[in-house]
Amino acid sequence: MTDNDIEVWGHLTFRPFRIYWALEEFNLSYTSHRIGSRTGETQTPQYLKMNPKGKIPLFRHKDIYISESAAAMNYVVNNFAQPNNFYLPNNPKDKSKIDEWSYCCAMELDALGVYIMRRHQTEDKFGLANIYGEAPNAVESAKSHVKRMLDAVERDVPDENWLIGKNPSCADIMFMSCLQVIKLYKIEIKSKKIQSYFERSSEREQYKKAMIKTYGHPTLEDFLNNRS
Ligand SMILES: N[C@@H](CCC(=O)N[C@@H](CS)C(=O)NCC(=O)O)C(=O)O
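For the sequence shown, the numbering used here gives the first residue as 11, with consecutive numbering after it.
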C-alpha cells in the first residue's frame, strides 16, 4: 500500500476528522488534501467530478470514492487489517449498539443539531446565515435538541474506558466528533460523565494525530486558543 492508494480531501471540521481518526487507528498511510468547505476548492470542475456534492470530506481508496464521512469511516474499519486495540464487534448486540450511536450522532446531534446551528447562525458565531439566512428560532431549537439528546444518551456513557468496552470503536469516533463541534459552538455540556469521557478520550495518541490532520493542533483547546 502506498500513500497514493488512499486520499482524503478536507480539514478544519468535524466530519473529515472522523475519517482521519479511523485511518490513524488502522495505522494506514494516506495523502491528505487540506481543503476547506468554503474556499472555492470544492467547486472546481475537477473536484465536482470526483464529488458532485461539492462538499468535504471526500475519501478515495484506489477507484472507490466515498463522499459521506460515516460511510468512509466504516469503509476504513471494515476493509483493512484490524489492529488489536480497536473494537470491531461480531456479535449482534454490540454491532447494533455501535450503529445506534453512529446514527444518533449523524442524525440527532449533527444534522438536526449542530448543522442547523451552523447554517443559520451569524458569521460572528461561525455560522453561515449570510448564505442560508438568519433564523434565531431554528438555532435555539437546534441547540435545545442537542441538549435533549445529550441528556438522553448520558446513561449509556460509561464512567471509564470507551463507549463499548475497553477499546475505541466507530461509536467513539462519531460521538467524539460531535462533542468536538458541540464545544466549538459553546453548547454547555452539563454532564460530568460526558465531560470526563471527552477528556480521557482526547488523550489517545491516534485521536491527537487525527486532530493535527484536521485542525493543525493535537487538542481542541489548542485549536481554540490559536484560532483568530
Ligand atoms: N453528510 C455529509 C455532510 C458533509 C458536509 O456537509 N460537509 C460540510 C463541511 S463539514 C460542507 O462541505 N459544506 C459545504 C456546503 O454545504 O456547501 C458527511 O457527513 O460527510
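All residues carry an ideal CB built from backbone N, CA and C; glycine is no exception. What you are looking at is a predicted structure, and each value in this text was computed from that prediction instead of being measured.
If you measure from the CB of R25, is any heavy atom of ligand 1 nearer than 6 Å?
-> With a cut-off of 6 Å, the C-beta of R25 is classified as near ligand 1, since at least one heavy atom of the ligand falls inside that distance.
Report yes if the C-beta distance between V28 and I183 is below 7 Å; otherwise report no.
-> Val is not the amino acid found at residue 28; the sequence shown has Arg there. A contact, by the Cβ cut-off of 7 Å.
Whose CA, out of C115, C114, R48, Y142, lies closest to the CA of M127?
-> Y142
Looking only at C-alpha atoms, which of L58, W111, L38, Y195 sits nearest to F90?
-> L38
Is I66 near ligand 1, with its Cβ less than 6 Å from a heavy atom?
-> yes
By how many angstroms is the C-alpha of N236 removed from the C-alpha of T41?
-> 25 Å
How about N177 and Y75: do their beta carbons lie closer than 7 Å?
-> N177 places its beta carbon 7 Å or farther from that of Y75.
Taking Y40 as part of the alpha helix (DSSP H), name the residues at either end of that continuous run.
-> Note, Y40: premise wrong, no alpha helix (DSSP H); not H, not E.
Check each candidate in V124, T224, I16 and name the one with the smallest Cα separation from K72.
-> I16
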